[in-house]
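Student: Questions regarding the structure given below will be posed in turn.
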Amino acid sequence: MASRPSIEDKLSFQRAPQRSGEEFLLSLGARVRNLRNRRGMTRKILAHESDVSERHLAQLESGEGNISILLLRRIATVLNISLEELFSTARQNDEQADQQDSSHKQTILRFIERLPSHRLEEAAARLMRDFGPQQNLRLARIALIGLRGAGKSTLGSKLAAERKLPFIELDNEIEKETGMPLAEIFSLYGQSGYRAIEKRTLERVLRAADRAVISVGGGIVSEKETYEYLLAHCYTIWLKAQPEEHMSRVIAQGDFRAMAGSDRAMEDLRRILESREALYRKADTTVDTANESVDESFTKLRAAIQAASQ
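Following this line, the structure appears as structure tokens:
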């Protein structure tokens, strides 16, 4: 009479095409973590009941530790699953992940193949920005962009206070650097001179602040080199609003200049927003503050940053 195959025999028979050890451990760790969460168990409880140190369990769940088969069997027992099922499901998850990865890669490649040559550099820069090693450093500096009246100062100061970070308004830093108000800078140096000062000030601010919330003037997006520098060094959020809201908020701040010739001013505002929209959309994300209270807009802003940090 033939003997029944052991667990090891079954696993050998069912073995999937070999993946790297790192990928397998990540898949196994995710499987253990999901089972634990489904059973409503904390890591501490599972570690205690399986007589495995919490450190070993944390390493297993993060895919960083090559745990022994005996310790893994104790964990599987507490989770009410056999080793065979645990490994088999991990293998199935690996195969599904392989198929999904392949599909995603093909989709990305199709998009890249269709891009005109002048857009490839932009796409490569965006991929490096969003998924490169500098992403965590950028997330430490939140830059809010948008036209005046979008809520940059209100929401920015609120965010900085909650995160215990300095709040920096770039326009104020420019005035400190030159010792004169913005209007006088424009009058003396013109648009190009102002943009050069703005770039120099931004570089100084970012060298000095590893972590901060920064409010940036709405026109910075029109200066390609300065804007790219901002995008590369900060997690950038466009605070978007309707033209009428920009106008009413500026007036509410006590600036009644917009009321003079309001029809022309509104027309200019719409034109500026339309011409800059494609540039603003290069930001990492957009938070629409239209028809929202400060608290509602702040909740959306916080959620956007939390999603990027995961």
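Sequential numbering of the sequence shown, starting at 370, is according to the working numbering. Glycine residues also receive a C-beta, built at the ideal position from the N, C-alpha and C atoms.
Under the rule that 16 or more other beta-carbon atoms within 10 Å means buried, what is G398, buried or exposed?
Tutor: buried
Student: Can you give me the start and stop residues for the alpha helix (DSSP H) that R412 sits inside?
Tutor: 412-419
Student: Since V656 sits in a beta bridge, which residues does DSSP pair it with?
Tutor: L608
Student: Any idea what DSSP makes of F667, helix, strand or coil?
Tutor: helix
Student: Which one of T668, R442, A634 has the shortest CA to CA distance from A416?
Tutor: R442
Student: Name the one or two DSSP bridge partners that V447 has.
Tutor: V447 is not bridged to any residue.
Student: Which word fits A659, buried or exposed, when buried means at least 16 other C-beta atoms lie within 10 angstroms of its C-beta?
Tutor: exposed
Student: State whether the segment 551-560 contacts the segment 592-611, with contact taken as three or more CB pairs (one from each stretch) at a distance under 8 Å.
Tutor: no
Student: Buried or exposed, going by whether 16 or more other CB atoms sit within 10 Å of the CB of A445?
Tutor: buried
Student: Whole angstroms are fine: how far does the CA of S666 sit from the CA of L524?
Tutor: 8 Å
Student: Using DSSP bridges, identify the partner residues of L513.
Tutor: S584, I606
Student: Counting only beta-carbon separations shorter than 8 Å, does L600 have a partner in chain B?
Tutor: Although the question refers to chain B, the structure presented lacks it and comprises just one protein chain.
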